[in-house]
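Step one of this worksheet: look at the structure below.
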Amino acid sequence: MTTSVLLYLAVLLGTGLLFGKVAKYLKLPNVTGYLVGGLILGPSILNIIPEGTIHDFSIISSVALGFIAFSIGTEMKLVYFRRVGATPIWIAIFEALFAVIVTLIAVLGYFLIKGDLSLTNFRFALVLSAIAAATAPAATIMVVRQYKAKGKLTETLLSVVAIDDSVAIILFGIFVAVANALGQTAVATPLWLQILNPFIEIIVSLAIGSVMGIILTLGCKWFTGRGNRISLSVAIIFLSIFLAEWLHASPLLTAMMLGAVFGNVSSKAEDINGLLYFITPPIFILFFVLSGAELNISILGVVGIIGLVYVVFRVVGKIFGAWLGAKVTKAEPVIAKYLGYALVPQAGVAIGLSLIATQVLNVEMGSQIRAIILAGTLIYELVGPVITKMALKKAGEISIEA
Numbered sequence: 014m015t016t017s018v019l020l021y022l023a024v025l026l027g028t029g030l031l032f033g034k035v036a037k038y039l040k041l042p043n044v045t046g047y048l049v050g051g052l053i054l055g056p057s058i059l060n061i062i063p064e065g066t067i068h069d070f071s072i073i074s075s076v077a078l079g080f081i082a083f084s085i086g087t088e089m090k091l092v093y094f095r096r097v098g099a100t101p102i103w104i105a106i107f108e109a110l111f112a113v114i115v116t117l118i119a120v121l122g123y124f125l126i127k128g129d130l131s132l133t134n135f136r137f138a139l140v141l142s143a144i145a146a147a148t149a150p151a152a153t154i155m156v157v158r159q160y161k162a163k164g165k166l167t168e169t170l171l172s173v174v175a176i177d178d179s180v181a182i183i184l185f186g187i188f189v190a191v192a193n194a195l196g197q198t199a200v201a202t203p204l205w206l207q208i209l210n211p212f213i214e215i216i217v218s219l220a221i222g223s224v225m226g227i228i229l230t231l232g233c234k235w236f237t238g239r240g241n242r243i244s245l246s247v248a249i250i251f252l253s254i255f256l257a258e259w260l261h262a263s264p265l266l267t268a269m270m271l272g273a274v275f276g277n278v279s280s281k282a283e284d285i286n287g288l289l290y291f292i293t294p295p296i297f298i299l300f301f302v303l304s305g306a307e308l309n310i311s312i313l314g315v316v317g318i319i320g321l322v323y324v325v326f327r328v329v330g331k332i333f334g335a336w337l338g339a340k341v342t343k344a345e346p347v348i349a350k351y352l353g354y355a356l357v358p359q360a361g362v363a364i365g366l367s368l369i370a371t372q373v374l375n376v377e378m379g380s381q382i383r384a385i386i387l388a389g390t391l392i393y394e395l396v397g398p399v400i401t402k403m404a405l406k407k408a409g410e411i412s413i414e415a
């Protein structure tokens, strides 16, 4: 068993490196190459990495997302927020909210044109559109890292993708609560408590992250060697993810808060982040190749027009919302013009929310929402990093072709 696991890991890493090189040659982000390589290895094409094996490696996803979220958190300095104020927060609210609103209007319009705007379909539209708010930070961060992007747009982008998850969880919680209230069967949990649940999840996540951030800061004073400090950091990140999952909180938000607290109170944060930067590439390659292997091409054939409506109008909502948020907060013109295009990727959080959707709606509609989200993930994850790179390049914040 151990031998076969090692073989799979070697194949995944080798494929990632090879397709990353091809992507670089084609002037595409490395992450696009990793995803395409995984897609070819997975059940959709060659089936070298079968579906069961992909699930066996699910811990890699948890670890990679933990490191990515921690890295984002360490960039969220209070000095930055004192300088820009609440601008990133308002932009995150606008882009997430309008992704939901525009998608909801489009899906309801689809049912209206079909002459099938029933209460059941209205509930379906509410739940599906609520998932539109979620953005995947992983691919975005990888593009920023690869091309060493710097500037106003990059700063705002990193802050917005960090805040976006909180906003997405809240919006989803509210919309699902309304969908439940409109359901035919009585719901045991009161509406106010359903709406309160996402706020509780966020508070618990932030609390765990804050406590673990303080522990990491104190630990780095006690352990002075680089090796000890990096080992302690990895252990604290792992423990934070475990506690978040155990307490039904958000591992992403927890790891981000851990990074934010550590980044703001510890003088060793930059050193630790620099060390993590050199040890995490194999984990990230494995994560994205496995993510590509999970993508299922056959799902595109079953989602139909409504899937296309979701994929297109979510992006329209993101772009318009980011533009409007930037205008309202009087942000730099470059932010208003390009930020929305860098918010296209969608993956882990959205897939997780789609699982909750299957519990809210009937089996058929829940399965349809999951199929739409999986199809959207396939498109967004393959196209999103390329669009993010183009947006950063147009903004003049990429100076190298890494």
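Numbered as in this note's numbering, the sequence shown ends at 415 without a single skipped number. We put the beta carbon where it would ideally sit given N, CA and C, even for glycine.
- Across the set ILE319, ILE114 and ALA36, the C-alpha of ILE319 shows the shortest separation from the C-alpha of ILE382.
- Sequence-distant partners of LEU337 (beyond 5 residues in either direction) whose C-beta falls short of 8 Å from its own C-beta, in its chain, are PHE107 and PHE111.
- Between THR390 and ALA363, the CB-CB gap stays under 9 Å.
- Between the stretch 36-51 and the stretch 297-309, the count of Cβ pairs shorter than 8 Å is three or higher; the stretches touch.
- If you check the CB distance, LEU166 and ALA355 come in under 9 Å.
- Shown here for ALA146: same chain residues with a beta carbon closer than 8 Å to its own, the five before and five after excluded, namely ALA109, LEU110, ALA112, VAL113, ASP177, VAL180, ALA181, LEU184 and PHE185 in chain order.
- Taken in chain order, the whole alpha helix (DSSP H) runs of length 4 or more contained in the stretch 314-379 are 346-351 and 361-373.
- LYS163 sits away from GLY276, with the two beta carbons spaced by 9 Å or more.
- Distances from the CA of MET225 to each of ARG239, SER279 and ALA194 were compared; the closest alpha carbon is that of SER279.
- Taking all protein chains shown into account, LEU195 has fewer than 16 neighbouring C-beta atoms within 10 Å of its C-beta and is therefore exposed.
- Boundaries cannot be given for ASP129, as no alpha helix (DSSP H) includes it and DSSP labels it neither H nor E.
- Taking a 10 Å sphere around the C-beta of TYR323, we find 16 or more other C-beta atoms and assign the residue as buried.
- DSSP assignment within the stretch 142-192 yields the following whole alpha helix (DSSP H) runs of 4 residues or more, N-terminal first: 150-159.
- In the DSSP assignment, MET269 falls within the unbroken alpha helix (DSSP H) covering 264-278.
- Between ILE228 and MET270, the C-beta gap is not smaller than 9 Å, which leaves the two residues out of contact.
- Under the three-state reduction of DSSP output, PHE83 falls in the helix class.
- LYS281 carries a coil assignment under DSSP once its states are collapsed to helix, strand and coil.
- The beta carbon of THR342 sits closer than 7 Å to those of THR100, TRP103 and ILE104, all from its chain and outside the five residues before and after it, given in chain order.
- By a beta-carbon distance limit of 8 Å, VAL329 contacts VAL115. Their separation comes to about 5 Å.
- DSSP places MET89 in the coil class of the three-state scheme, outside both helix and strand.
- Assigned with DSSP and collapsed to three states, LYS40 falls in coil, not helix or strand.
- In the structure shown, HIS68 adopts helical secondary structure according to DSSP, grouped into three states.
- Inter-residue distance for GLU64 and LEU308 is about 10 Å (C-alpha atoms, whole angstroms).
- If you look at LEU245, you'll find it in the alpha helix (DSSP H) that goes 239-259.
- Rounded to the nearest whole angstrom, the CA to CA distance from ALA282 to THR87 is 7 Å.
- Around the beta carbon of PHE291, a 10 Å sphere encloses fewer than 16 other beta carbons of the protein chains shown; the residue is thus reported as exposed.
- Beta-carbon to beta-carbon, VAL173 and LEU352 are separated by about 7 Å, close enough to satisfy the 8 Å threshold.
- Taking 9 Å as the cut-off, the beta carbon of ILE53 is found closer than this to the beta carbon of LEU59.
- Between VAL140 and VAL189 the beta-carbon gap is near 6 Å, inside 8 Å, which marks them as a contact.
- Its chain contains LEU54, ILE61 and ILE62 as the residues whose beta carbon lies nearer than 8 Å to that of VAL24, once the 5 sequence neighbours on both sides are disregarded; these appear in chain order.
- Check the Cα spacing between ILE296 and each of LEU288, VAL76 and THR28: the tightest is with VAL76.
- Contact between PRO264 and ALA273 does not hold, since the beta-carbon distance rounds to 15 Å and is not under 8 Å.
- Taking 9 Å as the cut-off, the Cβ atoms of ILE144 and SER367 count as close.
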